[in-house]
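Worksheet for the structure shown next.
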Amino acid sequence: MSAEWSIPARLDEPALPRTVQLTDVLGQTKTEASKGTLVFSFKGQEYHLEATDGGNQLFVIFADKTNGTETYGAGRFLYVDKPGWDGKTVLDFNKEINPLCAFTAFATCPLPPKDNMLPLTITAGEKVVEEKHSEFKN
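So the mapping is simple: our numbering equals the position in the sequence shown, first residue as 1, plus 356.
Right, dumping it as structure tokens:
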């Protein structure tokens, strides 16, 4: 666990209902309601991640520069505590997990929306188990 990857964020909630298109590994697309955009800064640069409903938490599907080498090629998942009254929460990238697709070819997993492809090398979280789906390498 690295404190560097536990990053304060704020949730910018949409003024009007907004949706996110999520395409899965088979190319099928479904529409999810957006819960807002998680805005955070890392090394002086601002980034945004679209969040959907994760039950008691927010759910983020994202990609970064480690996909296909150090981490699963199709991206990773992150559950984030819902923000407090002030709209603030924490993105703890140490808690990133691989989707079920990383473990079996019999799963159908959503891919990160294009806005959730971070130009960062996030070294925290779950790493690649054994890359079986080379078609998802970046």
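We treat Cβ as the ideally placed atom computed from N, Cα and C, and that holds for glycine.
Hey, out of the options, whose CA is closest to residue i's CA?
| i | options | result |
| --- | --- | --- |
| Gly-410 | Asp-437, Lys-483, Gly-429, Lys-444 | Asp-437 |
| Ala-371 | Ala-365, Phe-462, Ala-389, Pro-466 | Ala-389 |
| Glu-369 | Phe-433, Lys-391, Ala-463 | Lys-391 |
| Asn-412 | Gly-440, Thr-375, Thr-387, Ile-478 | Gly-440 |
| Gly-443 | Arg-366, Tyr-403, Ala-480, Leu-378 | Arg-366 |
| Thr-387 | Leu-378, Ala-407, Thr-393, Thr-408 | Leu-378 |
| Lys-483 | Phe-418, Asp-448, Thr-393, Thr-425 | Thr-425 |
| Phe-398 | Leu-474, Gly-481, Val-485 | Leu-474 |
| Gly-481 | Ala-463, Phe-462, Asp-448, Thr-464 | Asp-448 |
When the distance is taken between beta carbons, is residue j closer than 8 Å to residue i?
| i | j | result |
| --- | --- | --- |
| Asn-454 | Tyr-428 | yes |
| Val-446 | Ser-362 | yes |
| Leu-467 | Val-376 | no |
| Leu-414 | Asn-472 | no |
| Phe-418 | Leu-434 | yes |
Run through the DSSP bridge pairs and tell me what residue i is partnered with.
| i | result |
| --- | --- |
| Ile-453 | Phe-433 |
| Lys-386 | Leu-378 |
| Gly-495 | The structure shown does not extend to residue 495, since the chain is modelled only from 357 to 494, so the question has no answer here. |
| Leu-414 | Asp-409, Val-436 |
| Leu-447 | Ile-363 |
| Pro-466 | Asp-380 |
| Thr-460 | Partner(s): none; Thr-460 has no beta bridge. |
| Glu-402 | Ser-397 |
| Met-473 | Ala-419 |
Exposed or buried, what is residue i when buried is set at 16 or more other beta-carbons lying within 10 Å of its beta-carbon?
| i | result |
| --- | --- |
| Arg-374 | exposed |
| Asn-494 | Annotation note: pLDDT 49 at Asn-494 (below 50); position unreliable, no value reported. |
| Leu-456 | exposed |
| Glu-335 | Nothing can be reported for residue 335, as the shown portion of the chain is limited to 357 through 494. |
| Glu-402 | exposed |
| Ala-430 | buried |
| Thr-477 | exposed |
In the DSSP assignment, find the unbroken beta strand (DSSP E) run with residue i in it and report its ends.
| i | result |
| --- | --- |
| Leu-367 | 362-368 |
| Lys-483 | Element bounds for Lys-483: n/a, residue is neither H nor E. |
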